[in-house]
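Q: Here you go, one structure.
2 protein chains.
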Amino acid sequence: MPPSALLTDLYELNMAASYLKRGMHQEATFSLFVRALPPNRGFLVSAGLEPCLGFLESFGFAEEELEHLGRELGFGDEVLDAFARLHFEGEVWAAPEGRVVYANEPLLEITAPIAVAQLVEPYLLNQITFQTTIASKAARCVLAAGGRSVVDFALRRTQGLDAAMNVARVAWIVGFSATSNVEAGRRFGLPVVGTMAHSYIESFPTEAEAFRTFALDFPDRTTFLVDTYDTLNGVRTAIEVIRELGLERNLGIRLDSGDLAELARRSRAILDQAGQQGVRIIASGGLDEFEVDRLVRSGAPIDAFGVGTRIGVSADAPYLDSAYKLVEYDGRPMIKLSPNKHTFPGRKQVFRGPDGDVLGLRDEELPAGHEPLLVPVMRGGRRTDPPPALETARELFRGDLARVPEAARRIVEPEPPEARISQGLRRLTERARRSALRAAGVL
Amino acid sequence: MPPSALLTDLYELNMAASYLKRGMHQEATFSLFVRALPPNRGFLVSAGLEPCLGFLESFGFAEEELEHLGRELGFGDEVLDAFARLHFEGEVWAAPEGRVVYANEPLLEITAPIAVAQLVEPYLLNQITFQTTIASKAARCVLAAGGRSVVDFALRRTQGLDAAMNVARVAWIVGFSATSNVEAGRRFGLPVVGTMAHSYIESFPTEAEAFRTFALDFPDRTTFLVDTYDTLNGVRTAIEVIRELGLERNLGIRLDSGDLAELARRSRAILDQAGQQGVRIIASGGLDEFEVDRLVRSGAPIDAFGVGTRIGVSADAPYLDSAYKLVEYDGRPMIKLSPNKHTFPGRKQVFRGPDGDVLGLRDEELPAGHEPLLVPVMRGGRRTDPPPALETARELFRGDLARVPEAARRIVEPEPPEARISQGLRRLTERARRSALRAAGVL
Chain F
1 MPPSALLTDL
11 YELNMAASYL
21 KRGMHQEATF
31 SLFVRALPPN
41 RGFLVSAGLE
51 PCLGFLESFG
61 FAEEELEHLG
71 RELGFGDEVL
81 DAFARLHFEG
91 EVWAAPEGRV
101 VYANEPLLEI
111 TAPIAVAQLV
121 EPYLLNQITF
131 QTTIASKAAR
141 CVLAAGGRSV
151 VDFALRRTQG
161 LDAAMNVARV
171 AWIVGFSATS
181 NVEAGRRFGL
191 PVVGTMAHSY
201 IESFPTEAEA
211 FRTFALDFPD
221 RTTFLVDTYD
231 TLNGVRTAIE
241 VIRELGLERN
251 LGIRLDSGDL
261 AELARRSRAI
271 LDQAGQQGVR
281 IIASGGLDEF
291 EVDRLVRSGA
301 PIDAFGVGTR
311 IGVSADAPYL
321 DSAYKLVEYD
331 GRPMIKLSPN
341 KHTFPGRKQV
351 FRGPDGDVLG
361 LRDEELPAGH
371 EPLLVPVMRG
381 GRRTDPPPAL
391 ETARELFRGD
401 LARVPEAARR
411 IVEPEPPEAR
421 ISQGLRRLTE
431 RARRSALRAA
441 GVL
Chain Z
444 MPPSALLTDL
454 YELNMAASYL
464 KRGMHQEATF
474 SLFVRALPPN
484 RGFLVSAGLE
494 PCLGFLESFG
504 FAEEELEHLG
514 RELGFGDEVL
524 DAFARLHFEG
534 EVWAAPEGRV
544 VYANEPLLEI
554 TAPIAVAQLV
564 EPYLLNQITF
574 QTTIASKAAR
584 CVLAAGGRSV
594 VDFALRRTQG
604 LDAAMNVARV
614 AWIVGFSATS
624 NVEAGRRFGL
634 PVVGTMAHSY
644 IESFPTEAEA
654 FRTFALDFPD
664 RTTFLVDTYD
674 TLNGVRTAIE
684 VIRELGLERN
694 LGIRLDSGDL
704 AELARRSRAI
714 LDQAGQQGVR
724 IIASGGLDEF
734 EVDRLVRSGA
744 PIDAFGVGTR
754 IGVSADAPYL
764 DSAYKLVEYD
774 GRPMIKLSPN
784 KHTFPGRKQV
794 FRGPDGDVLG
804 LRDEELPAGH
814 EPLLVPVMRG
824 GRRTDPPPAL
834 ETARELFRGD
844 LARVPEAARR
854 IVEPEPPEAR
864 ISQGLRRLTE
874 RARRSALRAA
884 GVL
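Chains F and Z, in that order, give the protein sequences. Taking the working numbering, the leading residue of the first sequence gets 1, the next gets one more, and so forth. Taking the working numbering, the leading residue of the second sequence gets 444, the next gets one more, and so forth.
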C-alpha cells in the first residue's frame with residue numbers, strides 16, 4: 001500500500017485547497033537544503049531520497065482519505081474533487097544518496113504545480129532530514145574507526161522501528177560492515193551479525209557452561225561475551241572452551257563494559273599468549289564516534305566496534321536545520337527576507353570542483369573541471385532510472401569521502417567547507433530581493 | 444499484517460535457538476526500566492505499551508521468515524521447527540500509558556519461557572524507550588505553557604513518519620490540544636489544526652491579497668501568518684482583512700520568527716486598539732519547553748504554542764538509559780554485578796503513596812495508603828482488557844501530574860524523586876548477590 005497522502009500538515013491542505021479553488025496551477029520550485037551544519041559535523045551525507053521518490057510516484061488521495069477530509073475537516077466537494085485529481089507529475093533534481101553535501105546546497109529540488117509541491121513538503125522534509133542526520137553521524141563512526149569494522153546495534157533504541165530500518169540502511173551506505181537487525185538484513189540484503197547477551201550467561205549455572213553450550217550450537221560463528229562477571233576471567237574461560245571444543249573459525253570476544261582500551265590490551269595479551277591470535281576483539285556499550293576515535297588513537301587492539309543508541313538517534317544532533325523553501329514561482333525567482341532565514345532563489349546546481357563547491361543556477365555553464373552534484377531523478381512524475389542498488393550509494397559515498405577536506409573529516413571540532421556563490425546566483429539573488437521588497441511594500 | 448518476528452537482533456535468535464535446542468523452557472521474568480533520568484527531566488511518562496501488547500498478542504514467525512532464517516542465517520531444521528511453534532503465552536505487568544514513572548521503576552515486566560521473552564526484547568525496548576522519551580519531553584511543554592494550548596507541529600522533522608504518528612499520539616496523552624498531522628488526527632481521532640506557510644503569502648502579489656484569499660476560503664478558521672515581510676505591518680494587514688470581510692470566528696495571528704515576547708506584546712496592543720480582542724496569538728518557530736517557559740514567565744500575551752522539532756525528537760535527550768534485564772529465571776532471583784549496571788532482582792511492584800514511591804516485590808503486602816503502579820495487562824498471552832481509549836491515558840496523566848512533587852515539575856533543573864526500596868526487595872537483592880558471586884566463582 002502506498003503511503004497515505006494524509007501524511008501532511010493541515011496547513012498544506014488548506015493552502016492547496018486555496019490554490020486549486022482559484023486555478024493556481026502555476027509551477028513552483030521548492031528547494032530542500034540544510035541552512036547550517038550542527039556543531040561536530042564537517043559534512044552531510046545525502047540520504048532519504050529513495051523513499052521520497054517512491055512516495056511521489058504513488059502520490060494521490062484514496063477515496064476514504066477524501067471522505068475523511070470532507071467529513072472531519074470540512075473541505076467542500078469542489079476542493080475534494082480537485083484533490084482527487086492530484087498526482088505528482090513534476091520534476092525532481094537531487095543529490096543521489098551517498099553523496100557528500102554541505103550547508104545551503106540543495107539535497108533536492110522539486111518543480112510541480114504549487115498545490116502538489118506544497119502538499120508533499122512534510123514527507124520529503126521528514127525523510128531527508130532524518131536519514132541525512134543519521135547517515136552523517138554514522139559516517140563519522142566509520143571515519144573514527146579508521147578501517148576497523150563498525151556494526152549497527154541500534155535497533156532497540158532508535159525512535160521507532162521504521163527508524164531502525166533506515167538506520168541500518170544508511171549505516172550500510174556510509175560503510176558499516178553489518179547490522180544486528182535481522183529484519184533490516186532481510187529487507188536490504190545486509191550482512192547480519194550477533195553474539196549473545198548477559199542474560200544468556202546468567203541463565204546457565206556457570207559462565208563456562210554458557211560458553212560451551214553456545215559454541216556447540218554455533219561452532220562456526222562464536223563470539224564470547226566475556227564481561228558478565230569478571231572480564232579477564234571471562235577471556236580465560238573462553239580460551240578453555242575454544243581449546244576443549246577445538247574451535248577454529250570466526251572466533252571473537254566481546255567487551256561491553258569497563259575501560260575498553262585497557263581491557264582490550266589485557267585481553268589481547270592473554271589471547272596471544274594462549275596462541276589465539278585469530279580471536280577478534282569486539283567492543284560495544286554506549287559507543288559513538290568520539291569514543292571510537294579515542295579508542296583507536298590509544299592504540300587499543302580492537303578489531304570491530306558495535307555502535308547503537310548514540311548513532312541510531314544521532315544523540316548530539318538529532319535533527320538538522322533543514323528547510324523546504326519556495327525558490328521560484330510562475331517563472332519568478334523567490335526569496336525570503338527574514339534576516340536569519342536567508343534563502344537563495346531560483347533552480348540550482350552545485351558545481352563540485354577540485355577547490356570545492358560552487359552554488360549556482362541550474363542553467364549556468366559548468367565551470368571547467370567541475371561536475372554537477374544534482375541530477376534529474378524524476379521527470380513527468382516518473383523516475384528517470386530504476387531505484388539504484390544500495391551498493392551504488394555506498395560506492396558514491398566512498399568516492400566522495402576521499403575528497404572531503406581534512407578539516408571537515410576531523411572527529412573533534414571539524415570545520416565544514418562553504419560553497420562559493422556563482423556570479424549568476426548573486427545576480428538573481430539581488431533581483432529577487434528587490435521584488436520581495438516591493439511585495440512587502442518597502443520599495 | 445502483524446509486525447515481523449524478525450524485528451529483533453540476531454543474538455536474540457542465537458540465544459533462543461540455543462535455549463530451544465536443549466529444551467530450556469523455564470520461565471524468565473525480564474524487567475524494562477530506566478536506570479537514571481537524563482538531565483532536565485524530573486519525571487517520566489509511561490508510553491509505548493499499547494503497540495507492545497499488540498506485538499506480543501500476534502507474535503509468531505511467518506513461513507517466509509523461517510525460510511529466510513534457514514537460507515540466509517544458517518539455522519537448522521530442528522531450530523526452525525521450534526521457532527515455528529513459538530507464540531507469546533506469557534504474562535505482562537506494566538505501568539499503563541500516561542502514568543508518571545521514576546528511575547528504576549519497571550515500566551513493564553514480562554514473564555514467559557526464556558526463548559520468547561528474549562526474542563521480543565528489541566521491539567519492547569524500542570517502543571517503550573522512544574515513546575516514553577517523547578511523552579516525558581512533551582509533558583514538560585504542557586507544564587511550561589501553564590494552561591495555554593500547545594499544538595504538535597513535529598511531523599516534518601521527527602525521526603521517520605512512524606515516529607511522527609507516535610509523537611502526535613503521546614503528545615495528546617500528556618495534554619496537547621491538537622496536532623497539525625492530518626494522518627495522526629485520522630488514526631487516533633485527534634483535533635487537527637493548521638494555518639498557512641510563508642510560501643503561500645509569497646505566491647500572491649501582496650500579503651493583503653494572500654490574507655484576503657485565505658480568509659475567503661476558510662472564513663471560520665483563519666489564522667494569519669504575519670511575519671513573512673514585517674510582523675507588525677502584517678498584523679495591521681490582517682486587521683484590515685478581518686474588517687473588510689467581516690470575519691468574526693476562530694481568528695488568530697501566528698508569529699513564527701523574531702523576538703516572540705516583544706512581538707506578541709506589540710501585536711496584542713495593535714489588535715486590542717483595533718477592537719480585535721478576540722483574535723488569538725499563536726507562537727511557533729524552534730520552541731521547546733525552556734523557550735515556552737521564558738515566554739510565559741515574561742508575561743507575553745501568547746494564547747497557544749506550536750512546538751515541533753525539538754519536542755518531536757526530544758532534542759536535549761533523544762533517548763533514555765533504558766534496560767531490559769533478566770530479574771528471575773526458573774524461580775531464582777537474578778542480578779547483575781557490574782558496578783555501573785546494578786539491577787534489582789525479582790518480580791516487582793511500585794507502591795505509590797503520599798510520601799512517594801516504594802520499589803518492592805510483587806507479592807509484598809501493599810503498605811497502607813499506597814496504590815500499586817503496575818497492573819496485569821496480559822495473562823496467558825492475551826490482554827486482560829481491550830486496548831483503552833487514548834482519553835484514559837490522558838486522564839491518568841492529568842491525575843498523576845498533579846501529584847508530581849514541585850521540584851520534579853520545574854522546567855529548569857528539576858529534581859526527580861527516588862523510590863525507596865522495600866525491606867523485601869533489599870533482602871532478595873542480598874540473596875541474589877550472593878548467588879551471582881557464586882556463579883562468578885568468587886564466593
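A virtual CB, placed ideally from N, CA and C, is assigned to each residue, including glycine.
Put PRO556 of chain Z into one of helix, strand or coil per three-state DSSP.
A: Stepping through the second sequence from its first residue, residue 556 of chain Z is reached at position 113. In this structure, PRO556 of chain Z counts as strand in the three-state DSSP scheme.
Q: Any C-beta of chain F sitting closer than 7 Å to the C-beta of SER646 of chain Z?
A: Residue mapping note: residue 646 of chain Z aligns to position 203 of the second sequence, counting from 1. By this cut-off, SER646 of chain Z is an interface position.
Q: For the structure I just gave you, are there three or more beta carbon pairs, one from the segment 647 to 661 of chain Z and one from the segment 618 to 628 of chain Z, closer than 8 Å?
A: no
Q: Just how far apart, CA to CA, sit GLN423 of chain F and ARG841 of chain Z?
A: Taking the first sequence and counting its residues from 1, one reaches residue 423 of chain F at position 423. Taking the second sequence and counting its residues from 1, one reaches residue 841 of chain Z at position 398. Using only the alpha carbons, I get a separation of about 58 Å.
Q: Whole alpha helix (DSSP H) runs in the segment 730 to 807 of chain Z with 4 or more residues, listed along the chain?
A: 732 to 740 and 752 to 755
Q: So which residues on chain F does THR451 of chain Z lean against when the C-beta distance must stay under 7 Å?
A: Walking along the second sequence from the start, residue 451 of chain Z turns up at place 8. Near THR451 of chain Z (Cβ distances below 7 Å), the residues of chain F are VAL182.
Q: Within 7 Å of any Cβ in chain Z, is that where the Cβ of HIS25 of chain F sits?
A: The residue you call residue 25 of chain F lines up with position 25 of the first sequence. Judged by the 7 Å Cβ criterion, HIS25 of chain F is not in contact with chain Z.
Q: Taking VAL193 of chain F as the reference, give the member of F:ALA16, F:ALA304 and F:ARG266 with the closest Cα.
A: Here residue 193 of chain F refers to the residue found at position 193 when the first sequence is read from its first residue. The candidate whose alpha carbon is nearest that of VAL193 of chain F is F:ALA304.
Q: Among Z:LEU450, Z:GLU652 and Z:PHE476, whose alpha-carbon lies nearest the alpha-carbon of LEU802 of chain Z?
A: The residue you call residue 802 of chain Z lines up with position 359 of the second sequence. The shortest CA-to-CA distance from LEU802 of chain Z to any of Z:LEU450, Z:GLU652 and Z:PHE476 is the one to Z:PHE476.
Q: Quick one: residues in its chain with C-beta nearer than 8 Å to the C-beta of ASP385 of chain F, no 5 flanking neighbours on either side, listed in chain order?
A: Working through the first sequence from its first residue, we reach residue 385 of chain F at position 385. The beta carbon of ASP385 of chain F sits closer than 8 Å to those of VAL377, all from its chain and outside the five residues before and after it, given in chain order.
Q: Look at the Cβ atom of LEU449 of chain Z, then the Cβ atom of GLU508 of chain Z, and state whether they are nearer than 7 Å.
A: For the purposes of this step, residue 449 of chain Z is taken as the residue at position 6 of the second sequence. For the purposes of this step, residue 508 of chain Z is taken as the residue at position 65 of the second sequence. Cβ distance < 7 Å, so LEU449 of chain Z and GLU508 of chain Z count as in contact.
Q: Could you spell out where the alpha helix (DSSP H) holding THR472 of chain Z opens and where it closes?
A: Position 29 of the second sequence, counted from the first residue, corresponds to residue 472 of chain Z. It is not in any alpha helix (DSSP H) - THR472 of chain Z instead sits in the beta strand (DSSP E) that spans 470 to 477.
Q: Any contact of the segment 735 to 744 of chain Z with the segment 554 to 562 of chain Z, i.e. 3+ C-beta pairs under 8 Å?
A: no
Q: Report back the beta-carbon spacing between GLY54 of chain F and ARG394 of chain F to the nearest angstrom; my notes put them in contact at under 8 Å.
A: On the first sequence, residue 54 of chain F is found 54 positions in, with the first residue counted as 1. On the first sequence, residue 394 of chain F is found 394 positions in, with the first residue counted as 1. With 8 Å as the limit, GLY54 of chain F and ARG394 of chain F do not qualify as a contact, their Cβ atoms being about 20 Å apart.
Q: Thinking just about the alpha-carbon of each residue, which of F:ALA436, F:ALA197, F:TYR229 and F:GLU328 is nearest to the one in TYR454 of chain Z?
A: As a working mapping, residue 454 of chain Z is identified with position 11 in the second sequence. Of the listed residues, the one whose Cα sits closest to TYR454 of chain Z is F:ALA197.
Q: With a floor of 4 residues, list each alpha helix (DSSP H) that falls wholly inside the segment 825 to 849 of chain Z, ordered by position along the chain.
A: Runs found: 833 to 844.
Q: Compare the C-beta of SER31 of chain F against all C-beta atoms of chain Z and say whether one is closer than 7 Å.
A: Numbered from 1 along the first sequence, position 31 holds the residue referred to as residue 31 of chain F. It does not: the Cβ of SER31 of chain F has no partner Cβ on chain Z nearer than 7 Å.
Q: Can you tell me the Cβ-Cβ gap for GLY695 of chain Z and VAL722 of chain Z, rounded? I've got them flagged as a contact below 8 Å.
A: For the purposes of this step, residue 695 of chain Z is taken as the residue at position 252 of the second sequence. For the purposes of this step, residue 722 of chain Z is taken as the residue at position 279 of the second sequence. Rounded, the Cβ-Cβ distance is 6 Å, consistent with contact.
Q: According to DSSP, is ALA144 of chain F helix, strand or coil?
A: Position 144 of the first sequence, counting from 1, holds the residue named residue 144 of chain F. ALA144 of chain F: helix per DSSP, three-state reduction.
Q: Could you pull out every residue in the same chain whose Cβ sits closer than 8 Å to the Cβ of LEU804 of chain Z, ignoring the five residues on either side in sequence?
A: For this step, residue 804 of chain Z is matched to residue 361 along the second sequence. Once the five neighbours on either side are set aside, the close Cβ partners of LEU804 of chain Z are GLY789, ARG790, LYS791, GLN792, SER865, GLY867, LEU868 and LEU871.
Q: At a Cβ threshold of 7 Å, is SER592 of chain Z touching chain F?
A: Locating residue 592 of chain Z in the second sequence gives position 149, counting from the first residue. SER592 of chain Z does not count as touching chain F.
Q: Does DSSP put SER642 of chain Z in a helix, a strand or coil?
A: Reading the second sequence from its first residue, position 199 is the one you call residue 642 of chain Z. Residue state, collapsed to three classes: helix.
Q: Taking 7 Å as the cut-off, decide whether the C-beta atoms of ARG383 of chain F and GLU91 of chain F are in contact.
A: Here residue 383 of chain F refers to the residue found at position 383 when the first sequence is read from its first residue. Here residue 91 of chain F refers to the residue found at position 91 when the first sequence is read from its first residue. No.
Q: Under three-state DSSP, which class holds MET378 of chain F?
A: The residue given as residue 378 of chain F occupies position 378 in the first sequence. If DSSP states are grouped into helix, strand and coil, MET378 of chain F belongs with the strands.
Q: Which residue comes first and which comes last in the beta strand (DSSP E) that contains PHE654 of chain Z?
A: Residue numbering aside, residue 654 of chain Z sits at position 211 when the second sequence is read from its first letter. Careful: PHE654 of chain Z lies outside any beta strand (DSSP E), inside the alpha helix (DSSP H) at 650 to 660.
Q: Please decide whether ASN250 of chain F counts as near chain Z, where near means a Cβ-Cβ distance under 7 Å.
A: If you number the first sequence from 1, residue 250 of chain F lands on position 250. Answer no: the Cβ-Cβ gap between ASN250 of chain F and chain Z never drops below 7 Å.
Q: Would ILE577 of chain Z and VAL543 of chain Z qualify as a contact pair, given that the criterion is a beta-carbon distance under 7 Å?
A: To locate residue 577 of chain Z, count along the second sequence from 1; it is residue 134. To locate residue 543 of chain Z, count along the second sequence from 1; it is residue 100. In terms of Cβ geometry, ILE577 of chain Z and VAL543 of chain Z do not form a close pair [threshold 7 Å].
Q: Helix or strand or just coil, what does DSSP make of LEU480 of chain Z?
A: Position 37 of the second sequence, counted from the first residue, corresponds to residue 480 of chain Z. In the structure shown, LEU480 of chain Z sits in coil (DSSP, three-state: anything other than H, G, I, E or B).
Q: How about GLU732 of chain Z and ILE553 of chain Z: do their beta carbons lie closer than 7 Å?
A: Taking the second sequence and counting its residues from 1, the one referred to as residue 732 of chain Z is at position 289. Taking the second sequence and counting its residues from 1, the one referred to as residue 553 of chain Z is at position 110. No, the pair does not count as a contact, with Cβ atoms beyond the cut-off.
Q: Answer yes or no: does any C-beta atom of chain Z fall closer than 7 Å to that of PHE214 of chain F?
A: Taking the first sequence and counting its residues from 1, one reaches residue 214 of chain F at position 214. Closer than 7 Å: yes.
Q: Should SER501 of chain Z go down as buried or exposed, given a rule of 16 or more other Cβ atoms within 10 Å for buried?
A: The count along the second sequence starts at 1 and reaches residue 501 of chain Z at position 58. SER501 of chain Z should be labelled exposed.
Q: Using a threshold of 6 Å, is the CB atom of VAL167 of chain F nearer than that to any non-hydrogen atom of the ligand MN?
A: In terms of ligand content, the structure shown is empty, and the ligand MN therefore cannot be addressed.
Q: Would you call ASP259 of chain F buried or exposed, if buried means 16 or more other Cβ atoms sit within 10 Å of its Cβ?
A: Residue mapping note: residue 259 of chain F aligns to position 259 of the first sequence, counting from 1. Counting Cβ neighbours within 10 Å, ASP259 of chain F comes out exposed, since fewer than 16 surround it.
Q: What does PRO662 of chain Z touch in chain F if you count any residue whose Cβ is under 8 Å from its own?
A: Mapped onto the second sequence, residue 662 of chain Z falls at position 219. Simply none; closest approach about 11 Å.
Q: How many angstroms separate the CA atom of GLY147 of chain F from the CA atom of GLY306 of chain F?
A: Your numbering for residue 147 of chain F matches position 147 in the first sequence. Your numbering for residue 306 of chain F matches position 306 in the first sequence. Straight across, the Cα-Cα distance linking GLY147 of chain F with GLY306 of chain F is about 14 Å.
Q: Name the one or two DSSP bridge partners that ASN624 of chain Z has.
A: As a first step, residue 624 of chain Z must be located in the second sequence, where it is residue number 181. In the DSSP output, where bridge partners are listed per residue, ASN624 of chain Z has F:ASP9.
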